[in-house]
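Those protein sequence lines, which keep their order, are chains A, B and C. Okay, so the first sequence: first residue is 188 according to the numbering used here, each after it adds one. Okay, so the second sequence: first residue is 57 according to the numbering used here, each after it adds one. Okay, so the third sequence: first residue is 884 according to the numbering used here, each after it adds one.
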Amino acid sequence: MHLIFLVEKNERLERLLNEEQDKPMAHITIDADRCKGCYFCVEYCPRKLITISKQHNKQGYFPAEFLLEKEDKCTGCSLCAIMCPDTAIEVYK
Amino acid sequence: MNKVYGRPATLKDTPTHFCPGCTHGIAHRIVAEVIDELNIQDRTIGIPGVGCCVFLYHYFPIDVFEAPHGRAPACATGMKRVQPDKVVFAYQGDGDMAAIGTSEVIHAANRGENITVIYVNNSVYGMTGGQMAPTTLLGQQTTTSPYGRNFKTDGYPIKMAEMLATLEGVAYSARVALHKPKYVLQAKKAVKKAFQMQLDDMGFSMVEMLSTCNTNWRVSPLEAIETVENEMIPYYPLGVYKERTGKDFL
Amino acid sequence: MSDRVLTKGNIALAEGAIQAGCNFYFGYPITPQNDIPEYLALNLPKKGGVFVPAESEVASINMVMGASASGARAMTSSSGPGISLMQEGLSYMGGSELPGVIVNIMRCGPGLGGIAPTQGDYNQAVHGGGHGDYRNIVLAPASVQEMFDFTIKAFELADKYRNPAMVIADAMVGQFQEPCRLTPQSPVQEFDKPWALTGCKGREPQLLKSLYLGPGEQEAHNMDLKEKYDLVSENEVLYETRYMDDADLMIVAFGTPARVAKTAIGMARKEGIKVGLLRPQTLFPFPEKEIGEYSSKTGKVLVVEMNTGQMLRDVKIAAHHDAEIYFYGRPGGGIPYPDDILAEIKKALQ
């Protein structure tokens, strides 16, 4: 189930990268398996666009998860990525 | 869309051994970003101390030398004297620098060795399970101060950034924190300044980074952030304690 | 005009280091070796070298380590108490396979001891004061000339085997003056150091460490080190023999006692006593084979040391199982006179 979720996300990213119109301002990806669940990103996203996944990752942590349905609110401020001790977050603008 | 933030080139894509919420990960990343920005990766040699920092070589694709506990500034001295054209940095924890290696760092600083020291201060000996360190706060409970640090028997926590700033050989001594985004950005500026001091041959540079150790503090990562804000910063004020602007050697 | 000069052991050693291409000295003063850092402070900068007066012996050995890791020939010098402080560094150098030359001009101990000559640091040098399965290569000069020559040899062996090399001499050899040639007998050997940390431009990043946590890694590393030490033992033993062809008693001694023994042997031979000398010049590797062979011929061995019996144990291990081992030791600044040794020779041959 976890695998399907990741594939969905990538397909969406592909579409986002290729579409010209109605592009959201920014987008982040979180490497779920690299995340150790410290939740600094959850705390520091000024728009509260990151939540905690209900599905644990390979290491047993419940990783942080970007709320795709709210991604149009993401400004690419990168505070999440700046605070991630595991460099699990990439920011796209 | 373009990627505007990601892994710096001087940080390997290797999962780290650090605990969840340990700001060593942030410290590593900002040092790597600075090395990228200054374009010095292929002439930089890193010398970690002993502690959680010891695995620096797993994460930085640069030449790395493993020094004995506390001795990194002395090894860095030997290295920099042989290769003054290379960038040599030590990366130490508070056990390494403020306990066993205090003599080595003070004298390297006093001689004005043209090296950079990154000092990660989380107020405990992390790797060995959270024992009291010279940097442990008064009243702080650790595995070897179960009744809380008491100034009568244990002394006061030691302030390295201030102490080193009193030495003439020091070009840059600053204290930053890694627990909130604006502080992380300031920390990166300080690290860049420190490395630039070395590139400009100005003398010894040091950046003390107040860091979390939530595992040994027995709190959650987010609670550890509050600890840095409410307990560490009041005792260890952030700021630049020394910044040499010209080569004003006596 | 001869190219020989009259100089002190410590000075000859320091000049030997310069001629061996040592460009980096890091050290802290301690009696009776201060001539060495003082000579180098004056003369290294003249050759473009670097002299750093370190704040302690702990710092000194770590600076040597850093310089060595950068590919340079680096050295430090001290006496027993300072060498004790260097044991951690020596172990790390052994484990990381780093060359370096460490000089011990031995004073009496234990503890603060005294400043008179002794050989009380044999165990510290040869059987290692540092932790773990490593060995120091140990050279033991007995003359001012050997202080010069063996220092050069120490740099060569250290580089050849990527291992720390010690030159140990009692304070007498450090302080007395003799004529010597201050030029190398043969061209100084150099070795490439592709492993040195010089910045990863144009190559893969490199690492020098002694930490091995993966399963089986540390054991494999220790076995590699052991093979290296076996190679050292096969190839680098140095010793000198005198009058051993017909000897009924073999004296085994190094450093000053060996010099005194030579005089005693001369006196004994005049009286028709057939005694000879085997003088180890390397203490690791130790001339075990030679001691075994000679002791089986003589049947009797007299070990003379300026301590209470340290090389004695290695001689006992190496000697033929039927050989009788005698010991004459003078610790704490006591120096044997020829008459003393002659008396011991006679006692042993009774």
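The beta-carbon is built from N, C-alpha and C at its ideal position, and this holds for glycine as well.
Residues that residue i contacts on chain B, provided the C-beta gap is smaller than 9 angstroms
i               : result
Y975 (chain C)  : E122, A123, P124, R127
V933 (chain C)  : R137, V138
L1225 (chain C) : Correct list: empty, because the minimum Cβ distance to chain B is about 48 angstroms.
Secondary structure of residue i, DSSP reduced to three states
i               : result
M958 (chain C)  : strand
V1269 (chain C) : Since the displayed chain C opens at 884 and closes at 1233, residue 1269 (chain C) lies outside it and no answer follows.
G1217 (chain C) : coil
F907 (chain C)  : strand
R1064 (chain C) : strand
F260 (chain B)  : strand
V1202 (chain C) : The residue asked about is misnamed: residue 1202 (chain C) is Ala in this sequence, not Val. In the structure shown, A1202 (chain C) sits in coil (DSSP, three-state: anything other than H, G, I, E or B).
L1123 (chain C) : Before going on, a small fix: residue 1123 (chain C) reads as Glu here, not Leu. Three-state DSSP puts E1123 (chain C) in a strand.
A280 (chain B)  : helix
H243 (chain A)  : coil
L995 (chain C)  : coil
T72 (chain B)   : coil
T222 (chain B)  : coil
F207 (chain B)  : helix
Y175 (chain B)  : strand
T1181 (chain C) : helix
G126 (chain B)  : coil
M253 (chain B)  : helix
L234 (chain B)  : coil
C264 (chain A)  : coil
S953 (chain C)  : coil
T66 (chain B)   : coil
I1224 (chain C) : helix
Y1044 (chain C) : helix
E1102 (chain C) : helix
Y212 (chain B)  : coil
M1030 (chain C) : helix
P293 (chain B)  : coil
G77 (chain B)   : coil
A1079 (chain C) : coil
H1014 (chain C) : coil
Under 8 angstroms from the C-beta of residue i: neighbouring residues of chain C
i              : result
A132 (chain B) : G949
V110 (chain B) : L1094
Beta-bridge pairing of residue i - partner residues as DSSP gives them
i               : result
S201 (chain B)  : B:T198
G1091 (chain C) : The question names Gly, yet the displayed sequence has Leu at residue 1091 (chain C). According to DSSP, which records beta bridges pairwise, L1091 (chain C) is partnered with B:F121.
V1187 (chain C) : C:Y1211
L889 (chain C)  : C:P1062
Y61 (chain B)   : A:V278
V1071 (chain C) : V1071 (chain C) pairs with nothing; no bridge assigned.
N987 (chain C)  : C:S961, C:I1051
Q187 (chain B)  : B:Y181
S229 (chain B)  : B:M262, B:K298
L1132 (chain C) : C:V1158
A251 (chain A)  : A:I239
G102 (chain B)  : B:V120, B:F145
T216 (chain A)  : A:E277
T1165 (chain C) : C:L1022
P1000 (chain C) : C:R990
9 angstroms Cβ cut-off: residues of chain C touching residue i
i              : result
V161 (chain B) : Under the 9 angstroms cutoff, chain C gives no residues; its nearest Cβ is about 10 angstroms from V161 (chain B).
Y113 (chain B) : P1088, L1090, K1092
Amino acids of chain C, ordered along the chain, whose beta-carbon sits closer than 7 angstroms to that of residue i
i              : result
I118 (chain B) : C1083, P1088
Where residue i meets chain A, residues with beta-carbon distance less than 7 angstroms
i              : result
L278 (chain B) : Y226, E230
V240 (chain B) : I269, M270
Proximal residues of chain B, C-beta to C-beta of residue i below 7 angstroms
i               : result
K223 (chain A)  : P76
S939 (chain C)  : S159
A1052 (chain C) : In chain order: nothing, as chain B lies at least about 25 angstroms away.
Neighbouring residues, chain A, relative to residue i (Cβ below 9 angstroms)
i              : result
P190 (chain B) : By Cβ distance, chain A contributes nothing, its closest Cβ being about 25 angstroms from P190 (chain B), past 9 angstroms.
Y175 (chain B) : Those within 9 angstroms of Y175 (chain B) in chain A number zero; the least Cβ separation is about 18 angstroms.
Interface residues of chain A facing residue i [CB-CB closer than 8 angstroms]
i             : result
T72 (chain B) : P272, D273
Any C-beta of chain B within less than 7 angstroms: which residues of the region 1088–1103 of chain C qualify?
Taking 7 angstroms as the Cβ-Cβ cut-off, the region 1088–1103 of chain C approaches chain B at P1088, Q1089, L1090, L1091, K1092, S1093, L1094, given in chain order.
Could you name each continuous alpha helix (DSSP H) segment of 4 residues or more that falls completely within the region 133–170 of chain B, going from the start of the chain to the end?
158–166
Could you run through the region 135–147 of chain B and flag, in chain order, every residue whose CB is less than 9 angstroms away from some CB of chain C?
M135, K136, R137, V138, Q139, D141, K142, V143, V144
Counting only Cβ-Cβ distances shorter than 7 angstroms, please list the residues of the region 76–105 of chain B near chain C, keeping chain order.
D98, R99, T100, I101
In chain order, which alpha helix (DSSP H) runs of at least 4 residues are fully inside the region 900–948 of chain C?
918–926
Please identify, using Cβ separations under 8 angstroms, the residues of the region 954–974 of chain C that lie next to chain B, in order along the chain.
G954, A955, A957, E971, G972
Listed from N- to C-terminal order along the chain, which residues in the region 239–273 of chain A have their beta-carbon within a distance smaller than 8 angstroms of any beta-carbon of chain B?
Y248, G263, S265, L266, A268, I269, M270, C271, P272, D273
Residues from the region 886–920 of chain C in contact with chain B, defined by Cβ distance under 7 angstroms
F907, F909
At a CB distance below 9 angstroms, what residues from the region 284–304 of chain B approach chain A? Give them in sequence order.
none
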